Amino acid sequence: MAKRYTVVLNLIIITFISVGFSSILQAGQTASVEVNKVKTQFLSENIKFTARLVAVQSGYVSARIAGPVIDVRIELGDYVEKGEIIAKTDTALLIGENNRLKALVDESIRQVARFQSEANLKLAELNRLEKLQNSVAFQKSQYEDSRQKLIIAKKLIEIAIAKKSIAEANLAINEVNLEWSTVRAPYNGIITAIHTEIGSWLQKGQNVITMLNNRDLEILADLPAKYISGIEQGMPIAFISTNEEKFQAIVRKILPEEDILSHTRQVRFTPDSKFLNSSIAPGQSVTIIIPVGSKKDSITVHKDALVNVAGQTFVFVAIEGKAQIRPITIGSSIGNRFEVINGLQDGEQVVIRGNERLQPGQSIKISTKTEE
Numbered sequence: 001m002a003k004r005y006t007v008v009l010n011l012i013i014i015t016f017i018s019v020g021f022s023s024i025l026q027a028g029q030t031a032s033v034e035v036n037k038v039k040t041q042f043l044s045e046n047i048k049f050t051a052r053l054v055a056v057q058s059g060y061v062s063a064r065i066a067g068p069v070i071d072v073r074i075e076l077g078d079y080v081e082k083g084e085i086i087a088k089t090d091t092a093l094l095i096g097e098n099n100r101l102k103a104l105v106d107e108s109i110r111q112v113a114r115f116q117s118e119a120n121l122k123l124a125e126l127n128r129l130e131k132l133q134n135s136v137a138f139q140k141s142q143y144e145d146s147r148q149k150l151i152i153a154k155k156l157i158e159i160a161i162a163k164k165s166i167a168e169a170n171l172a173i174n175e176v177n178l179e180w181s182t183v184r185a186p187y188n189g190i191i192t193a194i195h196t197e198i199g200s201w202l203q204k205g206q207n208v209i210t211m212l213n214n215r216d217l218e219i220l221a222d223l224p225a226k227y228i229s230g231i232e233q234g235m236p237i238a239f240i241s242t243n244e245e246k247f248q249a250i251v252r253k254i255l256p257e258e259d260i261l262s263h264t265r266q267v268r269f270t271p272d273s274k275f276l277n278s279s280i281a282p283g284q285s286v287t288i289i290i291p292v293g294s295k296k297d298s299i300t301v302h303k304d305a306l307v308n309v310a311g312q313t314f315v316f317v318a319i320e321g322k323a324q325i326r327p328i329t330i331g332s333s334i335g336n337r338f339e340v341i342n343g344l345q346d347g348e349q350v351v352i353r354g355n356e357r358l359q360p361g362q363s364i365k366i367s368t369k370t371e372e
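Quick note: the sequence shown uses the numbering used here, first residue 1, plus one each step.
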């Protein structure tokens with residue numbers, strides 16, 4: 001093993017010289033470098049799956065009432081905000097109906113007032129007759145008639161109040177229909193299809209447009225059921241965009257239903273805001289990285305410490321003010337670090353800035369130390 005290490009090291013040094021770097025004899029110059037600590041982390045084996053972006057909100061926007069279209073405010077591809085007007089239907093009949101219903105409400109209010117006044121008169125008459133009960137002028141039949149008339153008057157008040165409530169309810173319904181004659185965007189989004197035009201007759205429930213929220217997206221993945229045990233709701237995972245950028249997402253929901261043919265389950269992820277603010281679209285594919293298997297302690301090294309020469313990966317280790325070259329074998333990646341199979345020990349300092357032109361054994365001056 002030691003012989004192989006020496007051979008590899010000699011080959012690397014020869015390669016340094018052959019590709020035009022300064023001679024090792026010039027390594028006496030002190031280089032300013034930044035170093036990072038080699039550390040032990042919990043790692044698990046990862047597997048990549050292709051997923052896609054889907055809109056959280058999308059679908060048809062339909063008419064709530066029937067009527068002829070008199071205005072269409074949008075065009076295909078327009079971005080609209082929640083509450084923005086999309087189209088309008090003719091409201092002439094509804095406005096006329098509104099005026100009629102307002103008149104009925106006013107009439108019902110007057111009816112209530114009229115019956116209340118009549119009831120007051122009946123009550124006054126009954127009180128007058130009650131005062132005559134001990135006199136010769138008192139007539140019991142007249143008294144009973146007056147009492148019944150008061151009861152009838154009170155019932156007429158109740159009927160008038162009920163009619164007033166009906167009139168007010170009909171007016172409120174018509175005013176809602178007036179509001180519904182204006183079709184508005186239910187959420188922020190892009191118009192992807194228009195299904196009507198000025199002059200067309202819209203039926204209640206008929207589709208006016210199709211739209212989708214292109215800014216509130218999530219990741220949808222169909223994952224093999226055997227890997228579901230490795231993830232849980234609220235767990236962060238990494239994913240890679242089409243332009244090879246790495247982002248974070250949170251497991252939002254694991255749907256408890258398995259496809260009988262593919263033996264997969266749908267998992268939905270909420271990507272971070274940085275990704276959502278980039279140039280993305282529903283249907284776009286991403287690569288999600290799912291942990292499989294149990295976690296283990298692994299030594300990791302910062303990705304910027306790695307230098308590849310002649311097919312060999314190596315790092316410069318800072319030892320007693322010198323940059324000592326060392327071949328290493330790396331495994332899987334985790335964030336900005338790589339698993340080290342062999343070649344490094346926990347706690348060693350490796351050069352991550354200024355290692356591009358370092359020579360084996362060159363004197364170095366550490367300007368910055370990092371551990372992330």
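We put the CB at the ideal spot given by N, CA and C, even for glycine.
Just so it is clear, the structure is predicted and the values come from calculations on it, not from any experiment.
Please work out which residues of its chain come closer than 7 Å, Cβ to Cβ, to residue i, disregarding the five sequence neighbours upstream and downstream, and give them in chain order.
i	result
L126	S146, R147 and L150
G321	S363 and I364
Q116	I157
L123	L150
Spatial neighbours of residue i within its chain, please: C-beta separation below 8 Å, excluding the five flanking residues on both sides.
i	result
K163	S108 and Q111
G83	R184 and A185
I14	Because I14 sits at a pLDDT of 49, beneath the cut-off of 50, its placement in the model cannot be relied upon, and the point is left open.
S200	P68 and V69
Considering only their Cβ atoms, is the gap separating residue j from residue i smaller than 9 Å?
i	j	result
L76	T192	yes
D71	A87	yes
Q359	A323	yes
T89	G67	yes
I194	I74	yes
L43	D297	yes
V35	V301	no
P327	Q312	yes
I218	L53	Position check: residue 218 holds Glu in this sequence, whereas Ile was assumed. For E218 and L53, yes; Cβs fall inside 9 Å.
E339	V317	no
R265	L220	no
Check the C-beta distance from residue i over to residue j and give it rounded, since I have them as a contact under 8 Å.
i	j	result
V208	S62	6 Å
I198	V69	5 Å
Q57	N213	4 Å
A51	I288	5 Å
N243	R215	No, N243 and R215 are not in contact; Cβ-Cβ is about 19 Å, not under 8 Å.
G354	I341	Rounded, the Cβ-Cβ distance is 26 Å, inconsistent with contact.
F269	S241	Their Cβ separation, rounded to whole angstroms, is 13 Å, which puts F269 and S241 out of contact at 8 Å.
Q233	I260	About 24 Å; that fails the 8 Å criterion.
In chain order, what residues of the same chain lie with their CB nearer than 6 Å to the CB of residue i, ignoring the 5 residues before and after it?
i	result
Y143	L129
A167	L104, V105 and S108
N263	Per the sequence shown, residue 263 should be read as His rather than Asn. Within the same chain, H263 has close Cβ partners A225.
Going by DSSP, name the residue or residues bridged to residue i.
i	result
H302	R337
L388	Residue 388 is absent from the structure shown; the chain starts at 1 and stops at 372.
A87	V72 and V183
M211	G59 and I191
K322	I319 and S363
Determine contact between the region 173-193 and the region 149-161, defined as no fewer than three beta-carbon pairs at a distance below 8 Å.
Taking 8 Å as the limit for Cβ pairs, the verdict is that the region 149-161 does not touch the region 173-193.
Take every Cβ of the region 241-261, pair it with every Cβ of the region 202-216, and state whether three or more of those distances are shorter than 8 Å.
With a cut-off of 8 Å, the region 202-216 and the region 241-261 do not count as touching, because too few Cβ pairs lie within range.
Determine, using beta-carbon pairs with one atom in the region 268-282 and one in the region 300-316, whether at least three such pairs fall under 8 Å.
Too few Cβ pairs lie closer than 8 Å, so no.
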